[in-house]
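Chemist:
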Amino acid sequence: MKKLTLLLMLSIAAIGLNAQTDWSKVDFAKKYKMKTKVSGGVAKALKGSPTFINDYYISQASLMKGKSQAGMMQKQGVGSVFAEASLAGVSAEALQKLIEELHAQFVQELKGIGLNISDGQPVIEYGNESGKADRKNAWIGKTDGKVIYDKTSVLDNAPDIKEQNIFRPTDMPIYTTWAMVPGNFYNSAAKRADVNMININYVIRFASFDGKKSMTRNSLTTEAGLTIQPTLGITTPKGAWGGVTFDKPIEGNNDWSKGLVETDSRDGSFWGLSSKGEYSIHADEAKYIEELRQIVLNAQKAIVAQIKANMK
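Numbering (my numbering), first residue to last: 136 to 447.
In structure tokens form, the structure reads like this:
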């Protein structure tokens with residue numbers, strides 16, 4: 136009887152470990168250390184002026200790199216170990232369909248707390264009239280639904296991400312710059328059009344790297360590790376700034392992973408989103424997309440709830 140009870144307890148424990156997270160019940164603000172900066176001036180502007188969502192996008196890592204660096208206390212001759220992995224099995228079409236849904240929900244959430252959502256046309260017109268639309272590091276107009284492939288650099292502050300694919304909703308009005316120092320790019324447009332501007336970005340990683348050291352060797356393990364890092368910024372007509380950030384990335388479930396597979400070519404394009412790499416973490420697309428969907432939908436609700444709480 137004792138043996139049967141022990142087996143039942145172990146079975147229950149195993150079920151608990153494998154249970155999926157119900158993201159609708161997660162306290163994002165507490166668990167992931169959400170920080171909301173909405174001052175009195177920002178809150179007043181959100182209640183009084185229209186709001187334009189000037190950018191909304193997902194940065195999906197497609198090639199990641201990990202390392203186990205050689206240490207000073209290790210024996211001479213012990214070298215660093217590096218590993219690369221790409222994301223396999225997830226199509227651009229699936230992520231594009233997802234971001235259309237996520238963006239539509241975000242708009243409805245903002246409307247639900249009383250924000251007057253603008254189509255951004257006055258901002259677009261200002262960008263064209265002022266010549267800002269001609270800048271190489273600016274995008275002013277409407278999105279075309281095409282995926283943007285991007286190689287990251289040391290300035291991107293994401294050393295583990297080597298390549299990524301950026302998704303935006305199709306036919307979305309956009310006013311954004313990727314200049315390291317935007318200057319008054321946003322302030323002047325918000326003031327001229329008398330609108331608040333909100334931009335939001337989700338950086339999505341799919342792998343984790345666990346390095347181990349001994350006196351004589353370094354080792355590195357590559358595993359599935361879905362994380363999402365949201366960042367939201369606000370600019371008001373009077374030049375006030377606000378935003379929502381997460382001190383801890385949102386850690387998703389990883390049952391979407393079919394494991395690490397070796398590719399027979401350096402060209403990983405046949406894997407879908409994966410970039411060039413000798414190894415790929417192969418994903419079940421339906422599970423991967425649904426996990427992202429549940430996390431972002433509920434994270435957005437938490438973000439908007441925080442903004443609402445600061446508008447009172």
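Note that the Cβ used here is the ideal one computed from N, Cα and C, for glycine as well.
Would Lys443 pass as a contact of Ile248 if the rule is Cβ separation under 7 angstroms?
Modeler: Translated into positions along the sequence shown, residue 443 becomes position 308. Translated into positions along the sequence shown, residue 248 becomes position 113. Taking 7 angstroms as the Cβ cut-off, Lys443 and Ile248 qualify as a contacting pair.
Chemist: Shortest alpha-carbon distance to Thr156 belongs to which of Lys447, Gln441 and Arg428?
Modeler: Residue numbering aside, residue 156 sits at position 21 when the sequence shown is read from its first letter. For Thr156, the nearest C-alpha among the options comes from Arg428.
Chemist: For Gly368, which residues in the same chain have their Cβ closer than 6 angstroms to its Cβ, ignoring the five residues on either side in sequence?
Modeler: Looking up residue 368 in the sequence shown gives position 233. Excluding positions up to five away in sequence, the list reads Asn334 and Gly378.
Chemist: Any chance you could list the alpha helix (DSSP H) runs of at least 4 consecutive residues sitting entirely within the stretch 293-354, in chain order?
Modeler: Counting only runs of 4 or more, we get 320-328.
Chemist: For Asp418, tell me which candidate among Asn263, Thr356, Gly262 and Phe341 has the shortest Cα-Cα distance.
Modeler: In the sequence shown, counting from the first residue as 1, residue 418 sits at position 283. Per the sequence shown, residue 418 should be read as Ala rather than Asp. With distances taken between Cα atoms, Ala418 lies closest to Phe341.
Chemist: Exposed or buried, what is Ala196 when buried is set at 16 or more other beta-carbons lying within 10 Å of its beta-carbon?
Modeler: In the sequence shown, the residue the question calls residue 196 occupies position 61. When all chains shown are included, Ala196 counts as buried.
Chemist: Whole angstroms are fine: how far does the CA of Phe344 sit from the CA of Ala220?
Modeler: Counting from one through the sequence shown, the residue named residue 220 turns up at place 85. Counting from one through the sequence shown, the residue named residue 344 turns up at place 209. One C-alpha to the other measures close to 10 angstroms.
Chemist: Does DSSP classify Ala440 as helix, strand or coil?
Modeler: To locate residue 440, count along the sequence shown from 1; it is residue 305. Ala440: helix per DSSP, three-state reduction.
Chemist: Go to Val396, then tell me how far its beta strand (DSSP E) extends in each direction, as first and last residue.
Modeler: The count along the sequence shown starts at 1 and reaches residue 396 at position 261. Where Val396 is concerned, the enclosing beta strand (DSSP E) stretches over Ser392 to Glu397.
Chemist: What would DSSP say about Gln155, mapped onto helix, strand or coil?
Modeler: For the purposes of this step, residue 155 is identified with residue 20 of the sequence shown, where counting begins at 1. Residue state, collapsed to three classes: coil.
Chemist: Which residues in the same chain as Ala328 place their Cβ atom closer than 7 angstroms to its Cβ, once the five residues preceding and following it in sequence are excluded?
Modeler: Numbered from its first residue, the sequence shown carries residue 328 at position 193. These residues qualify, in order along the chain: Pro257, Val258 and Tyr261.
Chemist: DSSP on Tyr261, reduced to helix/strand/coil?
Modeler: Taking the first residue of the sequence shown as 1, we reach residue 261 at position 126. Three-state result, Tyr261: helix.
Chemist: Taking only the alpha-carbon atoms, compute the straight-line gap between Ala293 and Lys179 and give it to the nearest angstrom.
Modeler: One-based indexing of the sequence shown puts residue 293 at position 158. One-based indexing of the sequence shown puts residue 179 at position 44. Cα to Cα, the separation comes out at about 35 angstroms.
Chemist: Between Gly374, Val396 and Gly255, which lies nearest to Ile275 when the distance is taken from Cα to Cα?
Modeler: Position 140 of the sequence shown, counting from 1, holds the residue named residue 275. Comparing Cα-Cα distances from Ile275 to each of Gly374, Val396 and Gly255, the minimum goes to Gly255.
Chemist: Are the beta-carbon atoms of Ile309 and Asp190 separated by less than 7 angstroms?
Modeler: On the sequence shown, residue 309 is found 174 positions in, with the first residue counted as 1. On the sequence shown, residue 190 is found 55 positions in, with the first residue counted as 1. Yes.
Chemist: Three-state secondary structure (DSSP) at Val225?
Modeler: Within the sequence shown, residue 225 is the residue found at index 90, counting from 1. Coil at Val225, not helix or strand.
Chemist: Could you pull the DSSP bridge partners for Leu367 from this structure?
Modeler: Position 232 of the sequence shown, counted from the first residue, corresponds to residue 367. Leu367 pairs with Ile335 and Val379.
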